[in-house]
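Enquirer:
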Amino acid sequence: MKERYSRQILFDGIGEEGQLKLQKKHVLIIGAGALGTGNAEILTRAGVGRITIVDRDYVEVSNLQRQQLYTERDANDRIPKAVAAQKRLREINPDIEVDGKIMDVTVEEIDRLVSNVDLIIDATDNFDIRFLINDVAQKYGVPWIYGGCVSSYGISFTVLPGETPCLNCLLETIPLGGATCDTVGVIAPAVQMVVAYQAAEAIKIFVEDFEAVRRKLVSFDLWKNEQSAIDVSRLKKEDCPSCGESPTYPYLSYENQTKTAVLCGRNTVQIRPPKKVNRDLNALVTQLEKQGGAIEQNPFLVSYHSENRRVVFFKDGRVLIHGMKDIVEAKKIYHQLLG
Amino acid sequence: MVIHVNGEQRELLNDIQTVSDLLNHFELADKKIIVELNANIVDSSQHEEITVQDGDRVELVHFVGGG
Ligand SMILES: [Zn+2]
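So the protein lines, in turn, are chains B and C.
Quick note on numbering: the first sequence equals residues 1 to 339 in my numbering.
Quick note on numbering: the second sequence equals residues 1001 to 1067 in my numbering.
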C-alpha cells in the first residue's frame, strides 16, 4: 500500500499524514468527458478513498483523441462513459471505491449526489449545470473546482464557500451560446493543463492544506503562449443570490430547469421524461422493429437508425436524437417513436 | 503602443484607446470576460471609458464552457 503512493508521500506537501487524509475523502466528478477522465485517473492513482463519477452520455470515436480512459472498443460498443470509466478506474486502483453513475444531473439528482462529498470537480460542458453545481455547493458548504477548455485555451477557478467569490459573483448571468460548443475543436494538451490545475487543487483540499489553495482565476493559451492569473476576491458580492448574506440558490428552483437540452457540439437534442422511468429495453426493441430501420442494443441503451437519423434510448428514460439542434422537431420524433 | 497582454508583449496600433477597443481587437468583445489593468479589475460597465496606455499590463480572462 505504502509503496504504491511512496512518491507522493515523499512530497513535502502530502507526506504520510496527507496520504491518510486522501484515503478518507470522497470526490464527486460531474462529467466523464475530457476533464472528467483526466481528473478521475489522477485522483484514482493518488488514492482518494472514494470517487463518484457521473455522466449522461456514451463513448464515441471522436472522444478518443482526448478522453483518456476510453478505448476504441468502448466507442464501437457505445458503452456509457460512466460504465467504461468505472471499469478502467477499478483496474488502475482496486484499493479505492469507484462508483460510475449513468445520470443526467439536474436539480433532482444533485442534492442526493452531494451528500457526504468533500469536493465537487466540474468536468461538465455547459453553464446550466455549472450554475446548479455552484448553488448546491454553497447550500451544503462543499468546495468545487470550475474547469473549462476549448481549442488551445483553458480556465480554472476554485470556489471555497464562505471564502472566495462564487461563479455567480464572477459571471452574474449564465453565458449564452458560442463559448460552450466545440465548433472550434480542442487539443488534448489544453485539456490536460486544466486537469492539472483542477487535480492539484483537489489534492490540496483533500490534505487540508487550504493555505496552498490557489485563490486566483487562471487561464492560458497553449498555442498563443499566453497565461494569466487574476485576483478576483474583490468581485465577491454581499448580495449574491448564491453565496451572499441571504442566499436564495436561484438555480436550485425547479422552474429554472430545462427538460430538453441541445448537447454541446454534438448536433444532438436530449429529451428527458418529467419523471424518472425504468425503460424496458426489450419491449422497446420489439416496438421499434415494427417501424423498420436498424436497431442495436447493449445492456444500457438501444440505438435506432432510420432515414439518416439516429435515436438513442437510455434505460433511465432519456432519449438522444442525433443530427439536429431543433428541440421542437426532436420532440416530434420522440413522440412518433414512443407515442 | 506596446502593452503586455497575458504576459506577452504586444505591439498595437494607436487607434486602440479603450478597454473596449482592446477586446474588439482580440475578438473577445462578445465573451464573458474579466479584465485586469495594472493589477486592478476593470468593471465591465467601464470598458468604454477606461483607456489603455503604452506600457500597461493587461490580463484578459474569458470564460469557456467546454470540458
Ligand atoms: Zn456569489
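C-beta: ideal position from N, C-alpha, C; glycine also.
Does ligand 3 have a heavy atom nearer than 6 Å to the CB of residue 233(B)?
Expert: By its list of ligands, the structure shown excludes ligand 3, since it contains just ligand 1.
Enquirer: Is the beta carbon of residue 98(B) less than 7 Å from the beta carbon of residue 75(B)?
Expert: Translated into positions along the first sequence, residue 98(B) becomes position 98. Translated into positions along the first sequence, residue 75(B) becomes position 75. No, they are not a contact pair.
Enquirer: Let me know the beta strand (DSSP E) ranges lying completely inside the segment 1007 to 1061 of chain C, each 3 residues or longer, listed in chain order.
Expert: Fully enclosed beta strand (DSSP E) runs of 3 or longer: 1008 to 1011, 1033 to 1037 and 1040 to 1042.
Enquirer: What are the uninterrupted segments assigned as beta strand (DSSP E) that are 3 or more residues long and contained completely in the segment 122 to 174 of chain B, given in chain order?
Expert: The segment 122 to 174 of chain B contains these whole beta strand (DSSP E) runs: 144 to 150 and 153 to 159.
Enquirer: Let me make sure I understand the geometry here. Which of 1008(C), 1028(C) and 1016(C) has the alpha-carbon closest to that of residue 226(B)?
Expert: Residue 226(B) sits at position 226 when you count from the first residue of the first sequence. Closest option to residue 226(B), Cα to Cα, is 1008(C).
Enquirer: Answer with yes or no whether the minimum CB distance from residue 1055(C) to chain B is below 7 Å.
Expert: In the second sequence, the residue the question calls residue 1055(C) occupies position 55. Output row for residue 1055(C): interface = no.
Enquirer: Would a check of beta-carbon distances place residue 217(B) closer than 7 Å to chain C?
Expert: Position 217 of the first sequence, counted from the start, is the residue given in the question as residue 217(B). Interface residue, yes.
Enquirer: Could you spell out the range, first to last residue, of the beta strand (DSSP E) harbouring residue 268(B)?
Expert: Translated into positions along the first sequence, residue 268(B) becomes position 268. It spans 268 to 271 - the beta strand (DSSP E) in which residue 268(B) sits, taken as one unbroken run.
Enquirer: Please report the distance separating the alpha-carbon of residue 179(B) from that of residue 1026(C).
Expert: Here residue 179(B) is taken as the residue at index 179 of the first sequence, counted from 1. Here residue 1026(C) is taken as the residue at index 26 of the second sequence, counted from 1. Confidence at residue 179(B) is low in this model, with a pLDDT of 47, below 50, so the placement of that residue should be treated as unreliable; the coordinate-derived value is given next. Approximately 15 Å, taken between the alpha carbons.
Enquirer: Just grab the DSSP bridge partners of residue 50(B) for me.
Expert: Here residue 50(B) is taken as the residue at index 50 of the first sequence, counted from 1. For residue 50(B), which the question treats as bridged, DSSP gives the partners 26(B) and 97(B).
Enquirer: Grab me the residues of residue 241(B)'s own chain with a C-beta within less than 8 Å of its C-beta, minus the 5 sequence neighbours each way, in chain order.
Expert: Translated into the one-based positions of the first sequence, residue 241(B) becomes position 241. Counting only Cβ-Cβ distances below 8 Å, and skipping sequence neighbours, we find 168, 247, 248, 249 and 250.
Enquirer: Taking only heavy atoms of ligand 1 into account, decide whether any of them is closer than 6 Å to the Cβ of residue 404(B).
Expert: The requested residue 404(B) does not occur in the structure, where chain B is confined to residues 1 to 339.
Enquirer: Taking CB distances under 7 Å as the criterion, tell me whether residue 127(B) reaches chain C.
Expert: By 1-based counting over the first sequence, the position of residue 127(B) is 127. By this cut-off, residue 127(B) is an interface position.
Enquirer: At 7 Å on the CB atoms, spell out the chain C contacts of residue 34(B), in chain order.
Expert: The sequence position of residue 34(B) within the first sequence is 34, counting from 1. Simply 1067.
Enquirer: Starting from residue 198(B), follow the alpha helix (DSSP H) in both directions and report where the run begins and ends.
Expert: If you number the first sequence from 1, residue 198(B) lands on position 198. Where residue 198(B) is concerned, the enclosing alpha helix (DSSP H) stretches over 188 to 206.
Enquirer: Just curious, the alpha helix (DSSP H) that residue 6(B) is in, first and last residue?
Expert: Position 6 of the first sequence, counted from the start, is the residue given in the question as residue 6(B). Residues 6 to 9.
Enquirer: Return yes when the C-beta of residue 168(B) is under 6 Å from any heavy atom of ligand 1, and no when it is not.
Expert: Mapped onto the first sequence, residue 168(B) falls at position 168. The answer is yes for residue 168(B).
Enquirer: Can you grab the Cα-Cα spacing for the pair residue 1046(C) / residue 36(B), in whole Å?
Expert: Position 46 of the second sequence, counted from the start, is the residue given in the question as residue 1046(C). Position 36 of the first sequence, counted from the start, is the residue given in the question as residue 36(B). Roughly 37 Å separates the two Cα atoms.
Enquirer: Taking residue 298(B) as part of the beta strand (DSSP E), name the residues at either end of that continuous run.
Expert: For the purposes of this step, residue 298(B) is taken as the residue at position 298 of the first sequence. 294 to 298 is the extent of the beta strand (DSSP E) around residue 298(B).
Enquirer: Is there a C-beta anywhere in chain C that falls below 7 Å from the one on residue 166(B)?
Expert: Here residue 166(B) corresponds to residue number 166 of the first sequence, with the count starting at 1. Not closer than 7 Å to any Cβ of chain C, the Cβ of residue 166(B) fails to qualify, so no.
Enquirer: Should residue 261(B) go down as buried or exposed, given a rule of 16 or more other Cβ atoms within 10 Å for buried?
Expert: Taking the first sequence and counting its residues from 1, the one referred to as residue 261(B) is at position 261. Classification of residue 261(B): buried, given that the 10 Å Cβ count is 16 or more.
Enquirer: Taking the C-alpha atoms as reference points, what is the distance between residue 406(B) and residue 289(B)?
Expert: Residue 406(B) is absent from the structure shown; chain B starts at 1 and stops at 339.
Enquirer: Would you mind giving the Cβ-Cβ distance between residue 263(B) and residue 270(B), rounded to the nearest angstrom? I have them listed as a contact below 8 Å.
Expert: For the purposes of this step, residue 263(B) is taken as residue 263 along the first sequence, with counting starting at 1. For the purposes of this step, residue 270(B) is taken as residue 270 along the first sequence, with counting starting at 1. The Cβ separation is near 6 Å, so the contact holds.
Enquirer: If contacts are defined as beta-carbon pairs under 8 Å, then residue 314(B) and residue 102(B) qualify, I think. What distance do you get, rounded to the angstrom?
Expert: Translated into positions along the first sequence, residue 314(B) becomes position 314. Translated into positions along the first sequence, residue 102(B) becomes position 102. About 7 Å separates the two Cβ atoms, so the contact holds.
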